[in-house]
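Take the sequence shown: its letter number 305 is residue 1456 in our numbering, and every next letter is one higher.
Comments concern the structure below.
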Amino acid sequence: MQNDVGTGGHVPVMLERVLELLGPALSGPAPAVVDANLGLGGHSEALLARFPSLHLIAIDRDPFAIEHSTRRLSPYADRTTLVHASSADLAEVLARAGRATVDGALFDLGVSSPQLDEAERGFAYAYDAPLDMRMDTEQELTAEQVVNTYAADELIRILRDYGEERFAPRVAGLIIRERAKEAITSTKRLADIVREAIPAATRRTGGNPAKRTFQALRIEVNAELSALEAALPAALGALALGGRVVVLSYHSLEDRLTKQALAARTKDTSPPGLPVPLPAHQPRFRLLTRGAELPSEEELARNPRAASARLRAAERIRVDD
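In structure tokens:
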């Protein structure tokens, strides 16, 4: 969801490719698509404009995103259902909307530009702000609580698993020592602590040394990976025959989960050595992309925050009997 927002407007990542991939599934008389990460609504607006009979069910945990997109999508209000919820609740959202199946599913993962650019949200190490990082501002858990209350082994696990921080024990150790002196409540103090914990030789390369720690905390606070682990299978299970899914991810952990989920559904699981494949073990999906597609150079020039985007897509080719 790494989109550029400002006076120039919202720039949805890889928009034309998303429309191209979802298009064949949305050409029927009354198609439906679920946008699992609505954000500022750029992809959803383009889908509604391109496909005049499309009904959109869109989910976001950020109240600001729902409020903003309600206004943005107001010309299509009779064809939209916007829900304040986590994508982890996707199956429940579709059930409440009376949709047993959908024709398309879109996942634009990660953090949106308002969350990054509004200092008080506490997502970015570029600003000195309260340690918050909640996508859903109504939830209780914040990054400040994680940093100041989690045990050392839990901090190490989060930093290692979610931030891929190879110096996780050093960073966690210094956090523990510093919070014993005074609670760590600001993004600047945390960034300074991380910088001090990282060896000097490593600090000279790879950008801001706090990047991995902030990513890890954000994922923990918002349960991002567990939400994807619940939402993506639910969306795939809801796709009608010929339905398509497109996933835009922004770091290797999201992309790996997406790759695994699609791979599991696009391979023949028949026992080896059988003379003919077993229908029950035939793939339910086929990949529409060869590996992960990257943004074009033209798009990167227009929207530098798209640099980390990775796109994967698949189509349902069989339904369970």
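Each residue gets a CB set at the ideal place from its N, CA and C atoms; glycine is no exception.
Bear in mind the structure is a predicted one, so any value in this text is a computation, not a measurement.
Considering residue i, what are the terminal residues of the alpha helix (DSSP H) in which it resides?
{"i": "Val1262", "result": "Neither: Val1262 is in no alpha helix (DSSP H) and is coded neither H nor E."}
{"i": "Phe1202", "result": "Phe1202 -> no alpha helix (DSSP H), and no H or E assigned at all."}
{"i": "Arg1285", "result": "From DSSP, Arg1285 is part of no alpha helix (DSSP H); its letter is neither H nor E."}
{"i": "Ser1400", "result": "First-last for Ser1400: 1390-1400, but that is the beta strand (DSSP E), not the alpha helix (DSSP H)."}
{"i": "Val1244", "result": "1241-1247"}
{"i": "Asp1312", "result": "1303-1314"}
{"i": "His1432", "result": "Looking at the DSSP string, His1432 is not in any alpha helix (DSSP H), and its letter there is neither H nor E."}
{"i": "Pro1360", "result": "No alpha helix (DSSP H) contains Pro1360, which DSSP labels as neither H nor E."}
{"i": "Lys1418", "result": "Note, Lys1418: premise wrong, no alpha helix (DSSP H); not H, not E."}
{"i": "Glu1171", "result": "1166-1173"}
Under 8 Å between C-beta atoms, does residue i make it to chain E?
{"i": "Gly1190", "result": "Reference to chain E is not applicable here, since this structure consists of a single protein chain."}
Just the C-alpha distance for residue i and residue j, rounded to the nearest angstrom, thanks.
{"i": "Ile1210", "j": "Leu1425", "result": "44 Å"}
{"i": "Ala1236", "j": "Arg1223", "result": "19 Å"}
{"i": "Leu1191", "j": "Ser1220", "result": "6 Å"}
{"i": "Ile1217", "j": "Thr1293", "result": "21 Å"}
{"i": "Val1244", "j": "Lys1410", "result": "24 Å"}
{"i": "Leu1341", "j": "Val1298", "result": "9 Å"}
{"i": "Gly1255", "j": "Leu1198", "result": "10 Å"}
{"i": "Leu1284", "j": "Leu1368", "result": "Per the sequence shown, residue 1284 should be read as Met rather than Leu. So the two alpha carbons sit approximately 8 Å from each other."}
{"i": "Asp1229", "j": "Ile1327", "result": "52 Å"}
{"i": "Pro1180", "j": "Ala1246", "result": "21 Å"}
{"i": "Tyr1401", "j": "Glu1444", "result": "12 Å"}
{"i": "Arg1311", "j": "Leu1376", "result": "14 Å"}
{"i": "Ala1200", "j": "Gly1393", "result": "21 Å"}
{"i": "Phe1365", "j": "Gly1314", "result": "8 Å"}
{"i": "Asn1454", "j": "Ile1208", "result": "27 Å"}
{"i": "Arg1437", "j": "Thr1300", "result": "45 Å"}
{"i": "Gly1193", "j": "Pro1428", "result": "43 Å"}
{"i": "Pro1430", "j": "Asp1304", "result": "46 Å"}
{"i": "Ala1352", "j": "Ser1225", "result": "53 Å"}
{"i": "Ala1378", "j": "Glu1333", "result": "33 Å"}
{"i": "Gly1139", "j": "Ser1403", "result": "Because the chain spans 1152 through 1472 in this model, residue 1139 falls outside it and cannot be assessed."}
{"i": "Lys1418", "j": "Tyr1278", "result": "46 Å"}
{"i": "Gly1388", "j": "Ala1248", "result": "16 Å"}
{"i": "Phe1215", "j": "Ala1452", "result": "28 Å"}
{"i": "Leu1170", "j": "Ala1302", "result": "45 Å"}
According to the Cβ coordinates, are residue i and residue j closer than 8 Å?
{"i": "Ala1485", "j": "Ser1238", "result": "The displayed coordinates of the chain run from 1152 to 1472. Any statement about residue 1485 would go beyond what the structure contains."}
{"i": "Pro1423", "j": "Thr1336", "result": "no"}
{"i": "Pro1446", "j": "Arg1469", "result": "no"}
{"i": "Ala1464", "j": "Leu1172", "result": "yes"}
{"i": "Ile1349", "j": "Glu1329", "result": "no"}
{"i": "Glu1448", "j": "Met1165", "result": "no"}
{"i": "Val1185", "j": "Ala1391", "result": "no"}
{"i": "Phe1202", "j": "Leu1399", "result": "no"}
{"i": "Ala1385", "j": "Val1396", "result": "no"}
{"i": "His1432", "j": "Thr1440", "result": "no"}
{"i": "Arg1212", "j": "Met1286", "result": "yes"}
{"i": "Leu1241", "j": "Ala1187", "result": "yes"}
{"i": "Leu1306", "j": "Glu1405", "result": "no"}
{"i": "Leu1462", "j": "Arg1168", "result": "yes"}
{"i": "Glu1380", "j": "Ile1309", "result": "no"}
{"i": "Ala1176", "j": "Arg1250", "result": "no"}
{"i": "Arg1346", "j": "Arg1355", "result": "no"}
Would you decide whether residue i is buried or exposed? Buried here means 16 or more other CB atoms lie within 10 Å of its CB.
{"i": "Glu1466", "result": "buried"}
{"i": "Gly1157", "result": "Only weak support is given to the placement of Gly1157: the predicted model assigns it a pLDDT of 35, under 50, and the question is left unresolved by the model."}
{"i": "Arg1416", "result": "buried"}
{"i": "Ala1458", "result": "exposed"}
{"i": "Pro1360", "result": "buried"}
{"i": "Glu1289", "result": "exposed"}
{"i": "Gln1153", "result": "Confidence is the limiting factor: at Gln1153 the pLDDT is only 45, short of 50, which leaves the residue's position unreliable and the question unanswerable from this model."}
{"i": "Ala1460", "result": "buried"}
{"i": "Pro1163", "result": "buried"}
{"i": "Thr1231", "result": "buried"}
{"i": "Ala1331", "result": "exposed"}
{"i": "Asp1471", "result": "exposed"}
{"i": "Arg1456", "result": "buried"}
Just to confirm the assignment, what range does the beta strand (DSSP E) spanning residue i have?
{"i": "Ala1465", "result": "1461-1467"}
{"i": "Val1234", "result": "1231-1235"}
{"i": "Arg1330", "result": "No beta strand (DSSP E) holds Arg1330; the alpha helix (DSSP H) holding it covers 1319-1332."}
{"i": "Asp1186", "result": "1183-1186"}
{"i": "Leu1438", "result": "1436-1438"}
Any chance the segment 1248-1265 sits against the segment 1309-1325, with 3 or more Cβ pairs inside 8 Å?
no
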